[in-house]
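Residue numbers (mature numbering (1 follows the signal peptide of the UniProt record, and there is no 0)): -20 to -1, 1 to 153.
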């Protein structure tokens, strides 16, 4: 009886440890983006863990019509008037900037936002290589930035996306 109880306790401990280090399905996080100085862009981005992928749903208003670079940045700090306090693109693996669905890219490279004639944009995407955790490889407590210009997905290290028009910090729900 003691051996069975000890074995059961050991298996439970191993299972709990595995759950603690692996992003779980359904975990979610959100960022509320506010305009940087002199801009009007604002919006919400929701991240939901789905196995080893993350679903991203974004809605914005106050953008200029057309394409806008969209990235997760290193730091969850929007204190600078131009949001440069958020640092560069989130890139723990040291990869080149690129399109999130084609070849190598920063972990923080997101699909481009396309604003309509009224300045509204929405985006739904599912991405690999992200986790809703804190720490070196997680995106919780990192910044999310919308840029003024389209992302060319080539120019290093930023995609030639221009200034930062909105900034928010990813917070776990």
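Glycine included, every Cβ here is placed at the ideal spot set by N, Cα and C.
Would you say residue 112 and residue 27 are within 8 angstroms of each other, going by their C-beta atoms?
Mapped onto the chain shown, residue 112 falls at position 132. Mapped onto the chain shown, residue 27 falls at position 47. Using a Cβ distance threshold of 8 angstroms, residue 112 and residue 27 count as a contacting pair.
For residue 155, which option in 30, 115, 21 has the closest C-alpha, if you only look at C-alpha atoms?
There is simply no residue 155 to check, as the chain begins at -20 and stops at 153 in what is shown.
Does the distance from the C-beta atom of residue 70 to that of residue 125 stay below 8 angstroms?
Position 90 of the chain shown, counting from 1, holds the residue named residue 70. Position 145 of the chain shown, counting from 1, holds the residue named residue 125. Cβ distance not < 8 angstroms, so residue 70 and residue 125 don't count as in contact.
Taking 8 angstroms as the cut-off, does the stretch 127 to 138 touch the stretch 49 to 59 (at least 3 CB pairs, one atom from each stretch)?
yes
Give the range of the beta strand (DSSP E) segment to which residue 123 is assigned.
Along the chain shown, read from residue 1 onward, the residue named residue 123 stands at position 143. Counting along the chain, the beta strand (DSSP E) containing residue 123 begins and ends at 123 to 127.
Cα separation between residue 17 and residue 41?
Counting from one through the chain shown, the residue named residue 17 turns up at place 37. Counting from one through the chain shown, the residue named residue 41 turns up at place 61. Roughly 16 angstroms separates the two Cα atoms.
Relative to the C-alpha of residue 72, which candidate in 88, 46, 34 has its C-alpha closest?
Counting from 1 along the chain shown, the entry for residue 72 is found at position 92. Checked all of 88, 46, 34; the closest Cα to residue 72 is 88.
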